[in-house]
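Protein chains: 4
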Amino acid sequence: MGFGRKNYNASTRFIRSDGGVNIKRTGLNRLDNLDIYHWLITTSLTRLFFVILCSYTIANLIFAFIYYSLGVENFGGLNTDSELDSFLSLFFFSAQTLTTVGYGHVYPLSHYVSLVSATESLLGLLGFALATGVLYGRFSRPKADLLYSKNILIAPYEGAFGLMFRIANKKQYELIESEASVTISYTDPVTKKREFDQLKLEINRINYLALSWTIVHPLNDESPLKGWTQKDFQETDIEIMILMKAINDTFSQTVYSRHSYKSEDIIEHAKFVPLRQEIKEDGRIVVSVNEIHQFTKTEPQA
Amino acid sequence: MGFGRKNYNASTRFIRSDGGVNIKRTGLNRLDNLDIYHWLITTSLTRLFFVILCSYTIANLIFAFIYYSLGVENFGGLNTDSELDSFLSLFFFSAQTLTTVGYGHVYPLSHYVSLVSATESLLGLLGFALATGVLYGRFSRPKADLLYSKNILIAPYEGAFGLMFRIANKKQYELIESEASVTISYTDPVTKKREFDQLKLEINRINYLALSWTIVHPLNDESPLKGWTQKDFQETDIEIMILMKAINDTFSQTVYSRHSYKSEDIIEHAKFVPLRQEIKEDGRIVVSVNEIHQFTKTEPQA
Amino acid sequence: MGFGRKNYNASTRFIRSDGGVNIKRTGLNRLDNLDIYHWLITTSLTRLFFVILCSYTIANLIFAFIYYSLGVENFGGLNTDSELDSFLSLFFFSAQTLTTVGYGHVYPLSHYVSLVSATESLLGLLGFALATGVLYGRFSRPKADLLYSKNILIAPYEGAFGLMFRIANKKQYELIESEASVTISYTDPVTKKREFDQLKLEINRINYLALSWTIVHPLNDESPLKGWTQKDFQETDIEIMILMKAINDTFSQTVYSRHSYKSEDIIEHAKFVPLRQEIKEDGRIVVSVNEIHQFTKTEPQA
Amino acid sequence: MGFGRKNYNASTRFIRSDGGVNIKRTGLNRLDNLDIYHWLITTSLTRLFFVILCSYTIANLIFAFIYYSLGVENFGGLNTDSELDSFLSLFFFSAQTLTTVGYGHVYPLSHYVSLVSATESLLGLLGFALATGVLYGRFSRPKADLLYSKNILIAPYEGAFGLMFRIANKKQYELIESEASVTISYTDPVTKKREFDQLKLEINRINYLALSWTIVHPLNDESPLKGWTQKDFQETDIEIMILMKAINDTFSQTVYSRHSYKSEDIIEHAKFVPLRQEIKEDGRIVVSVNEIHQFTKTEPQA
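From first to last, the protein sequence lines are chains A, B, C and D. Counting in the numbering used here, the first sequence runs from -10 upward without gaps. Counting in the numbering used here, the second sequence runs from -10 upward without gaps. Counting in the numbering used here, the third sequence runs from -10 upward without gaps. Counting in the numbering used here, the fourth sequence runs from -10 upward without gaps.
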């Protein structure tokens, strides 16, 4: 599995509920550990915009200082009413150069200033090339936006029981060739070591993820969880880790999604309520995907 | 299959004839359901152009209002013959700033205006970066442009019958390693529930999709459709769903295509007319792909 | 195979020696058949540059006409010495607007002209966004630049004979997980129909394509070509079609390459000369890949 | 394997320790061998920046010469104090045109100059489009940043011995579905020819590469290396070549990594020290990946 077998306290989980892997790697020098592109692609839009705005302001401040130190007499059309006016005018001249807007009401008179502004406009274009790449990288990044049922149920299944959870596609585009892989991690009551096991699924691949998909692990003789009760799940501090793989056929992209359930998410003697489907007049089938969380309690079998 | 088993009325189909999946998902908050990039990539070019034009106009209107509220006296070279002239001049100053054309016959006099225009030109560049990404995303999107025969035939095949349809590549680039997968959905006459079945194909993979490919499901003992007549297909409200997968070797992209036939598309006692091939003087083979729809009626076998 | 079985004249081949598939599809309306992006990506650089230059000139001519028809009195700073001067000045004003260079020595005086130039600069940005996408698409396109031996030999192999050709990687980047697939097409002497067969290879996959790879089809009892002589290859008008697949690990791209040999490329009683390898002082291994064409004649076995 | 079987001197290795394949291909004409895009993507950032700066300067020098030869009288607003001043002003006018900043304090007076500057600004945009593509291509290139243990150990394993090395992910993003493939190359002491062999691994695929992965080749009866001592490894000049494949699930990219060990990297009678794992208060697991190099000596078994 690539996870360690040390026994953690109950609050620790390998996969966070948002799908992230709960591990931080250290011990490398900062440069090895740093991946700016990865950060720019995965950070929030707000933060990205803040970073762009700051870089823009700082770049303009630096160039304004350079222009200022070269002397205001090297500029035509400059507002030189005060030192501050001069500096601010140069700041905005820098902004007009960096973005290549170049109104030209302020313009370089000396070759030194021209050299700096020629460099600045090149840097502006390169910086903008970077921004284009980052924005495209963010938007075109393969994403599986799956909705997982809040709970994982122990439900009646083929005369016995099955461990069941449901997923649905949150987006309007289609996911095809979906595959599920379910792994459990639990503390062996005897050795106190962390054990890992892959759970066998009734079906682990479907052609379309059109409505919803109930993924079932039959609790039969082959299952390591056969006969377990809520108490067993709690005491072994079980973590049920899901790895989904599917193809977004709009972009032919393979997408991945992770999720994890802990013992408190397990409901015994319950079964999922089938999703209601409404047929519109134009023949379209409408489903309400947030119904995948709904379940009803069943009678405990004697 | 990922589709429900509820029995729909005859007009409903899972796959629309244009290949789209006939399902709408609701019940999420709007933000979850929204995927702007997906929309921008898949909408028509006309709509996209309209959206770009509107955004451009609205952005310029907003900035023109900001400039106007800062006061026309903060601008050099402005046409201030009337209130409207002032506003329109500021609107076009905004356009020149947003696109970074920056003629400079109108230019900022005060630092406040300079600040707004520096922000506007940055936003202009970012917006343009987005447009670049969207246009590239649209053009580079993997597409399989397949032509499906209008009808699906029950044709003589190896002494018995086979269910057959034909596909051809509409484009001049090549598709290799093509794979077909055919699923049927029908209403069980007894249970009135929707049943799903995967049809076995004579060959489900070919190396080149050079001319055309006739995909054959033998109606032998293994087939769930053995002995069915037009009446059976109609009464069970059959839907024959096709999922094609191929590789466009110009871009090494895996492409997908979906299609679906209903009972009215099924023709009994018919067989496809082979595609005519013309050999040009330079050795090139010319085929007319729209001939894949052509079939002739055969004698009903006694 | 996706090719027809009609018998062609000897000059026809399915795969051209440059790897292109020798088929032209017609019969669709032009729009279906057209794939501008595909053309822009695969055409020569010279043609692409010509197309860009023409589009640029035509766009400027159109806008110059619009500006001219709006009246030269709507422009400031215009050279109006003659009608031609006016028009040319407007042509270059258009160019300065389209590229967003916007010197501003010529500038719009009326709102109508401002409106047109605001539209033009937007179109300029969009056109440039397209060019960015096309250039990136061209450069990032997966390419396998393989060198195929000029001839395919019938060489001694494990006490009998084998059909052999060699390939090498032309570029300095590495190709890994290379796979070969060899298909023959020949005219059956009896039925006069075109037959297709997949040839079994000794090894059809290698981890690295570091030096060269000799792909061998053993001419044993399983081979449809066992005992064939040059005369058989000629009379059946054989075409040996190669499809190579590999991964360029710099870009993790799967790349494809096609090649085809005809009977005149087949050499009997010959074997390939092993590639010379030179070890540089720094331990680097140097090979001269164009030696893959070299073979020596062997004694015909009695 | 795609490598030759000639026997090299001990200093030669197929895979360099940085993962590069140690082969140079020659014998083609320069153009075939050249792959500018590949170079631009894989060269260092410093070199790339230098190339961009040089191209920018040279392009401006060329256009300055063209403008100068057309005559300084064709420009408005030019500093013509001296020949040098004129030339430098034209150099910076060129820079303002190429980057489309276009201040406009220097501007074309004649149509010839306008024509050249219209061409220059088009070239500027195209060059910038190229730069955008190159920067995006560099950042989005699939990369596996794996840390390999410095040594490969012969450690106790299931009552016997195993050849073991460890890998860890250097980056904060996750690698899933990791696969290892280990090949050895050694000089046969009898034939003096280079032999190649694929080593069987205990497990060759794991779901997550979360902490670290110890890849084990059991030195059992099936192993070609059973019973080998340090002396054997040295005398046969062994090279142990690793090919790792994994999926970066942030970008759904398949990434590859290569590594190679020589006899001096093999340590007998040693075993790896398990990685320490620290549980933070928020439940996060912290590992120090550079501990993967650590091993302890074991008692030689009698």
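We treat Cβ as the ideally placed atom computed from N, Cα and C, and that holds for glycine. Note that the structure is predicted; figures quoted are calculated from it, not measured.
Where does the unbroken beta strand (DSSP E) through A/Asp186 begin, and where does it stop?
-> Start and end: Arg183 to Leu188.
Do you know how far the Cα of B/Glu109 is from the Cα of B/Leu87?
-> Approximately 6 Å between the Cα atoms of the pair.
Separation of B/Phe3 from B/Thr225, as counted between CA atoms | For B/Thr225 and B/Phe3, the gap between their C-alpha atoms comes out near 15 Å.
Starting from A/Ser246, follow its DSSP beta bridges and name the residues at the other end.
-> As DSSP reads the structure, A/Ser246 sits in a beta bridge with A/Met233.
Determine the closest residue to A/Asn208 out of A/Ser167, A/Ile25, A/Glu257 and A/Val179, with distance taken between C-alpha atoms.
-> It is Leu, not Asn, that sits at residue 208 of chain A in the sequence shown. Nearest option by C-alpha distance: A/Glu257.
If you draw a straight line from the C-alpha of C/Arg183 to the C-alpha of A/Ile156, how long is it?
-> Rounded to the nearest angstrom, the two C-alpha atoms are 51 Å apart.
For C/Tyr92 and C/Gly66, the rounded distance between their alpha carbons = One C-alpha to the other measures close to 11 Å.
CB contact check: A/Thr292 to chain C, cutoff 9 Å = This structure gives no information on residue 292 of chain A, because the portion of chain A shown stretches from -10 to 291.
Proximity test, Cβ basis, 9 Å: A/Ala199 and chain B = Chain B contact via Cβ: present.
DSSP three-state assignment for D/Leu296, whether helix, strand or coil | Because chain D in this structure spans residues -10 to 291, residue 296 of chain D falls outside the shown range and cannot be described.
Does A/Val244 get closer than 9 Å to chain B when you measure Cβ to Cβ?
-> Not closer than 9 Å to any Cβ of chain B, the Cβ of A/Val244 fails to qualify, so no.
Local Cβ density within 10 Å of A/Gln85, reported as buried at 16 or more and exposed below that = Buried, since its Cβ has 16 or more Cβ neighbours within 10 Å.
Using 9 Å as the limit for Cβ to Cβ distance, is B/Thr301 near chain D?
-> Past the boundaries of the shown model lies residue 301 of chain B; chain B is included only from -10 to 291, so the question cannot be answered.
Please go through the same chain and pick out, in chain order, the residues whose beta-carbon is closer than 6 Å to the beta-carbon of D/Asp134, but skip the five residues on each side of it.
-> Once the five neighbours on either side are set aside, the close Cβ partners of D/Asp134 are Lys159 and Lys160.
Backbone CA spacing between C/Val95 and B/Val95 [nearest angstrom] | Cα to Cα, the separation comes out at about 12 Å.
With DSSP run on the structure shown, which of helix, strand or coil describes C/Asn63?
-> Helix at C/Asn63.
Which runs of the beta strand (DSSP E) fall wholly inside the segment 77 to 129 of chain B and span at least 3 residues, in chain order?
-> Qualifying beta strand (DSSP E) stretches: none in this window.
Residues bridged to A/Ser33 by DSSP?
-> For A/Ser33, which the question treats as bridged, DSSP gives no partner whatsoever.
Express the C-alpha separation of A/Phe150 and A/Ala291 in angstroms, rounding to a whole number.
-> With a pLDDT of 47 at A/Ala291, under the threshold of 50, the modelled position of that residue is not reliable, and the figure given next carries that caveat. Computed Cα separation, rounded: 13 Å.
Near C/Lys260, what residues of its chain come up, given a Cβ to Cβ distance below 7 Å and the 5 sequence neighbours on each side ignored?
-> These residues qualify, in order along the chain: Leu142, Ala144, Pro145, Phe284, Thr285 and Thr287.
Residues that B/Thr239 contacts on chain C, provided the C-beta gap is smaller than 8 Å = Those are His27, Ile30, Thr31 and Arg130, listed as they occur along chain C.
Limits of the alpha helix (DSSP H) - the one that D/Gln219 falls within | That run of the alpha helix (DSSP H) goes Gln219 to Glu224.
Going by other Cβ atoms of all chains shown within 10 Å of its Cβ, with 16 needed for buried, is C/Leu264 buried or exposed?
-> C/Leu264 counts as buried, since no fewer than 16 other beta carbons sit within 10 angstroms of its beta carbon.
Can you name, in chain order, every residue of its own chain whose Cβ lies under 8 Å from the Cβ of A/Thr239, other than the five neighbours on each side?
-> Taking C-beta separations shorter than 8 Å and ignoring five residues to either side along the sequence, the partners of A/Thr239 in its chain run Tyr162 and Glu163, following chain order.
For D/Ile274, which residues from the same chain have a beta carbon less than 7 Å from its beta carbon, with the 5 sequence-adjacent residues on both sides left out?
-> By the criterion of a C-beta distance shorter than 7 Å, D/Ile274 is surrounded in its chain by Gln266 and Ile268, once the five residues flanking it on both sides are discounted.
From this set, A/Phe154, A/Lys215 and A/Gly216, which residue's C-alpha is nearest A/His248's C-alpha?
-> Out of A/Phe154, A/Lys215 and A/Gly216, A/Phe154 has the C-alpha closest to the C-alpha of A/His248.
C/Glu253 - DSSP class collapsed to helix/strand/coil = Looking at C/Glu253 - three-state DSSP - the assignment turns out to be helix.
With a cut-off of 8 Å on the beta carbons, I'd call D/Val102 and D/Phe64 a contact; round off their distance for me.
-> Yes, D/Val102 and D/Phe64 are in contact; Cβ-Cβ is about 7 Å, under 8 Å.
From which residue to which residue does the beta strand (DSSP E) around D/Leu152 run?
-> Segment Ala149 to Asn158, the beta strand (DSSP E) holding D/Leu152.
Which term fits C/Asp7, buried or exposed, when burial requires 16 or more other beta carbons within 10 angstroms of its beta carbon?
-> Looking at its Cβ environment, which holds fewer than 16 other Cβ atoms inside 10 Å, C/Asp7 is exposed.
Is the segment 217 to 236 of chain D touching the segment 108 to 128 of chain D in the sense that three or more CB pairs, one from each, lie closer than 8 Å?
-> The way I'd put it, the segment 108 to 128 of chain D doesn't touch the segment 217 to 236 of chain D; fewer than three beta-carbon pairs between them come closer than 8 Å.
Note the first and the last residue of the continuous beta strand (DSSP E) segment covering D/Thr292.
-> Outside the shown range of chain D (-10 to 291) lies residue 292 of chain D, about which nothing can therefore be said.
When you compare only the Cα positions, how much space is there between B/Asp221 and B/Pro213?
-> The alpha-carbon atoms of B/Asp221 and B/Pro213 are separated by roughly 12 Å.
List the DSSP bridge partners of A/Ala259.
-> Looking at the DSSP assignment, A/Ala259 forms a beta bridge with A/Lys286.
Measuring CA to CA, which of B/Leu200, B/Ile204 and B/Ser129 is closest to B/Leu152?
-> Nearest Cα to B/Leu152 within the set B/Leu200, B/Ile204 and B/Ser129: B/Ile204.
Using the C-alpha atoms, what's the distance from C/Gly272 back to D/Leu188?
-> Per the coordinates, the alpha-carbon of D/Leu188 lies some 25 Å from the alpha-carbon of C/Gly272.
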